[in-house]
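Peer 1: Position in the sequence shown (first residue = 1) + 140 = our numbering.
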Amino acid sequence: MKNYYSCLDKFVQRRIVGGLRIFFLLLVMLTTGSVASAQVLPGIEAMIKEAEVYRNSEPQKAYTLASSALTEAIRQKHEPSMARVYRFIGVLNFMMGNLEVSQMQFDSAYLLYKKLGDEKGIAASLNNIGVIHQEKSNYSKAIECFDQSVKLKLKLGDTVGATSGMINTGTIYSYTGDNINAIKTFDEVVRIASMNKDTSRLIDANINLSTVWINERKPQKALVLLHEARELSKITGDDYSLAYCYNNIGGVYQNTFQNDKAITYFNLALALRDDLGDIAGLATTLDNLGKIYIRLNRFEQALDCFFQALQYNQQTGDKRSTAIALNSIGELLIKKKDFQAAIGYFYKGITIATELGLRQDSRVMYANMVMSYAAIHEFDSVQVYFAHYNSTSDSTWYLKAKDVGDYNAVTEEKEEDITMNYWFIFIYGLLLIFVAIMVWAMAKRHFRQNTVTGES
141 MKNYYSCLDK FVQRRIVGGL RIFFLLLVML TTGSVASAQV LPGIEAMIKE
191 AEVYRNSEPQ KAYTLASSAL TEAIRQKHEP SMARVYRFIG VLNFMMGNLE
241 VSQMQFDSAY LLYKKLGDEK GIAASLNNIG VIHQEKSNYS KAIECFDQSV
291 KLKLKLGDTV GATSGMINTG TIYSYTGDNI NAIKTFDEVV RIASMNKDTS
341 RLIDANINLS TVWINERKPQ KALVLLHEAR ELSKITGDDY SLAYCYNNIG
391 GVYQNTFQND KAITYFNLAL ALRDDLGDIA GLATTLDNLG KIYIRLNRFE
441 QALDCFFQAL QYNQQTGDKR STAIALNSIG ELLIKKKDFQ AAIGYFYKGI
491 TIATELGLRQ DSRVMYANMV MSYAAIHEFD SVQVYFAHYN STSDSTWYLK
541 AKDVGDYNAV TEEKEEDITM NYWFIFIYGL LLIFVAIMVW AMAKRHFRQN
591 TVTGES
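1. Is Gln274 helix, strand or coil when you go by DSSP?
2. Could you check the C-alpha separation between Thr204 and Leu349 for me, to the nearest Å?
3. For the stretch 191 to 201 and the stretch 226 to 244, state whether three or more C-beta atom pairs, one from each stretch, are separated by less than 8 angstroms.
4. Buried or exposed: which applies to Asp327, given that a residue is buried once 16 or more other Cβ atoms fall within 10 Å of its Cβ?
5. On the criterion of 16 or more Cβ atoms from any shown chain inside 10 Å, does Ser531 qualify as buried, or is it exposed?
6. Going by C-alpha distance, which of Arg435, Asn437, Cys385 and Phe439 is nearest Thr424?
7. Mind checking Met335: buried by the 16 CB within 10 Å criterion, or exposed?
8. If you count every other CB in all the chains shown that lies within 10 Å of the CB of Asn437, and 16 or more means buried, which is it?
9. Given Ser174, which residues of its chain have a CB within under 6 angstroms of its CB, disregarding the five upstream and five downstream residues?
10. Which value, in whole angstroms, describes the spacing of the CA atoms of Ile434 and Phe446?
11. Measuring straight from C-alpha to C-alpha, what distance separates Thr376 and Ala482?
12. Just curious, the alpha helix (DSSP H) that Asn467 is in, first and last residue?
13. Which two residues bound the contiguous alpha helix (DSSP H) that contains Tyr487?
14. What's the gap between the Cα of Asp378 and the Cα of Val364?
15. Please determine whether the Cβ atom of Arg503 lies at a distance below 7 angstroms from any heavy atom of the ligand ATP.
16. My guess is that Lys255 and Glu212 are in contact by the Cβ rule of under 8 angstroms, so how many angstroms apart are they, rounded?
17. Which residues in the same chain have their Cβ closer than 6 angstroms to the Cβ of Gln441, if we skip the five residues on either side of it in sequence?
18. Report the residue ranges of all beta strand (DSSP E) runs contained in full by the stretch 386 to 433; include only those spanning at least 3 residues, in chain order.
19. Under 8 angstroms, do Ala249 and Tyr226 count as touching if we go by C-beta distance?
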């Protein structure tokens, strides 16, 4: 089952490289607001607020300020303040692609909140930990964390806060091909957000729901939701969300091959993100714009976009997005038939993705390595990277992480979903056979050429 939201962001999953790229970045809903703020020392809270100003534009500076806040909280042995800072630093590490460090920070916050009996803090930390599991493709654990977080928030009467976990759950359903439950979940978020007049969450829900409709190959429905989110963003003065809308509208037009419209909206997103100093957002949109230029055979413009994106990602310390940019440059070099140079960029990207434990990202780059080595007839390397590619096989197409009563019954929708899974297996099998035949044919041709040379 192919995902079609390759150029989108504001979705919980971040961008995945290559032809199977999912987005975008899509922004993770890590709530960084004050948890049990009455208990946090005023001086510590002020330091975190200052760090938050630099979170998107200068994450390293934000990290330095937050580290000072943590040192002070530990010096005073004030556990509520320590927990607050641990969560904030966890978010920063997540943004920079340091998933393992981020998880340790969130785990530390969770344990402190458990010790303090702070259910609000526990719920927020569970949501954060769930996002980490989601990034690692541990979807069952992610769903479990999100569900616990939602239940705690509903128990506390925080229906608005509960929707953050619901949005995260919905994105997992969408990512694993369970669009029926994804739509149900996002519709429920829209209902709660509308009832509470929570415009910000309504914008988030509309953007994420539009992504599901793209998966369902209904771009017009997606555009309606994105235009609604765009207007709400303008009314509320939420320029960050407005930039997301511009980027994602451009993504819809890109997926429907309306290239001129896509370029227009990507440029709108770039201009706004430049005004906001949103370095990470600029990198995302530049990568998307580069893909359009490749399609139009404007390779030099594409390369310029990718190198700018790489520079921004390195500036923010975002390792995962750096790997994505390296892959994009490699794919462009394949188009230009510069396979040796492409291999160098893929190798750098794979090194980062492997270090971070990013299976999906590595998988796409392994496939690109196979194509590149096959093109230059280095078949031993083809076998090596094809083995790596198979080792990252993802069986999550069958994941139904949460049993929902009315979904267990065999419905017309479920039968259609199962049929789609069978078709995916069939098409995937054909692809593997095709690659094997291609490698065999090229090896045979190479052998014959060597034989003729020897006879001569």
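Built from N, CA and C at the ideal position, the CB exists for glycine as well.
Peer 2: This is what the structure holds:
1. helix
2. 36 angstroms
3. yes
4. exposed
5. exposed
6. Cys385
7. exposed
8. exposed
9. Because the pLDDT of Ser174 is 41, which lies under 50, any placement of that residue in the model is unreliable, and the question is left without a value.
10. 11 angstroms
11. 44 angstroms
12. Lys459 to Lys475
13. Phe479 to Leu496
14. 19 angstroms
15. The model depicted lacks the ligand ATP and carries no ligand whatsoever.
16. No, Lys255 and Glu212 are not in contact; Cβ-Cβ is about 20 angstroms, not under 8 angstroms.
17. Tyr433
18. none
19. yes
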